[in-house]
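Asks: To start, I am sharing the structure in question, which I have written as structure tokens.
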Amino acid sequence: MKKLILLLLASPTLLMAQQDSIFYDTGELMNVSFYREPGIKKSRSYYYKTGEFKGETFYDRRGVMNDGYTLSQNGDTIGKSFVPLFNAQAKKDLSFIAWEMDKSRISISMEEKGSGKKLMKGDQVEVWYIGYFEDGSQFDNSDITSVKVKLTLGEGRMLKSFEDALQEFRSGSSGYIRIPYHLAYGDQVMGNLPAKSNLIYYIKPKRVKSRE
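FYI, in this note's numbering the residues of the sequence shown are 518 to 729.
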């Protein structure tokens, strides 16, 4: 089911009254991201009653609340205002990458091995990343959006293929992962991603907290 993205932009002084609304093509509201009020921090953490970390929301340069899961399964997308910035980045030659396929059919090329044991389900992880199309052009970049993905592995809030690939990395490691379109968004258009897009990510994950 395709999505129609309506971006309602205003001057920074009016941001608290504006929102980004995302609709299914049937007209049904799918998701809303609200602009933050002045003075709110770049992120806000949420916890269960037990005190255990639950999740975190982020605010990008525009002041838009973004749950940080641009790879999530629930349709969160990247604001259109970032797309020209991604397009302005020089294409990267990715032909040097030597891929190895893991058991989940995702291709991985490790750059730095990092230290300690591999990331696993239950770990709280923060990921800096750049997203590339196969021609080397960018579709996402943590440095541009000021958003790092922060998640608890195994909760299923991200693409399963992305979480599976993360479990081949260690804290402090870096490398590339290639997700074929059928393990990403398939034949759906997702934000600035065309249908049937194979996705390549350069990632640097960091373990924030090990599972107990």
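For every residue, glycine included, the Cβ atom is placed at its ideal position computed from N, Cα and C.
Measuring straight from C-alpha to C-alpha, what distance separates Gly-692 and Phe-599?
Replies: Take the alpha-carbon of Gly-692 and the one of Phe-599: they are about 24 Å apart.
Asks: Can you tell me where the alpha helix (DSSP H) holding Lys-677 begins and where it ends?
Replies: 677-683
Asks: How big is the Cα-Cα spacing for Ser-690 and Met-675?
Replies: 20 Å
Asks: Phe-611 by DSSP, collapsed to three states: which one?
Replies: Phe is not the amino acid found at residue 611; the sequence shown has Leu there. The three-state reading of DSSP puts Leu-611 in coil, since its state is none of H, G, I, E or B.
Asks: Mind checking who Leu-668 pairs with in its DSSP beta bridge?
Replies: Val-642
Asks: According to the neighbour-count rule (16 or more other Cβ atoms, all chains shown, within 10 Å of its Cβ), is Phe-613 buried or exposed?
Replies: exposed
Asks: By the three-class DSSP mapping on this structure, what secondary structure does Tyr-649 have?
Replies: If DSSP states are grouped into helix, strand and coil, Tyr-649 belongs with the strands.
Asks: Quick one: residues in its chain with C-beta nearer than 6 Å to the C-beta of Lys-609, no 5 flanking neighbours on either side, listed in chain order?
Replies: Gly-653
Asks: Within 8 Å, do at least three Cβ pairs link the segment 631-648 to the segment 711-722?
Replies: Touching, yes.
Asks: Who are Tyr-719's beta bridge partners in DSSP?
Replies: Paired residues: Ile-647 and Tyr-693.
Asks: When you compare the CB positions of Tyr-698 and Asn-709, do they come within less than 8 Å of one another, or not?
Replies: no
Asks: Below 6 Å CB to CB, which residues in the same chain sit around Ser-624 once its five sequence neighbours on both sides are set aside?
Replies: Trp-616, Met-618 and Arg-695
Asks: Give me the Cβ distance between Phe-603 and Asp-657, rounded to the nearest whole Å; I'm assuming they're in contact under 8 Å.
Replies: Approximately 7 Å separates the beta-carbon atoms of Phe-603 and Asp-657; this is inside 8 Å, confirming the contact.
Asks: Let's test the definition: count the other Cβ atoms within 10 Å of the Cβ of Glu-680 and tell me whether it reaches 16, buried, or not, exposed.
Replies: buried
Asks: In chain order, what residues of the same chain lie with their CB nearer than 6 Å to the CB of Lys-726, ignoring the 5 residues before and after it?
Replies: Non-local beta-carbon contacts of Lys-726 in its own chain, meaning distances under 6 Å to residues more than five positions away in sequence, involve Gln-641 in chain order.
Asks: Using a 10 Å radius around the Cβ and a threshold of 16 neighbouring Cβ atoms, would you call Ala-607 buried or exposed?
Replies: exposed
Asks: Helix, strand or coil: how does DSSP classify Ile-623 here?
Replies: coil
Asks: Between the alpha carbons of Met-637 and Pro-711, how many angstroms are there, rounded?
Replies: 31 Å
Asks: Should Lys-667 be labelled buried (16 or more other beta-carbon atoms within 10 Å of its own) or exposed?
Replies: Buried.
Asks: Give me the Cβ distance between Lys-635 and Glu-685, rounded to the nearest whole Å; I'm assuming they're in contact under 8 Å.
Replies: 7 Å
Asks: Does Thr-567 pass the burial test, meaning 16 or more other C-beta atoms within 10 Å, or should it be called exposed?
Replies: exposed
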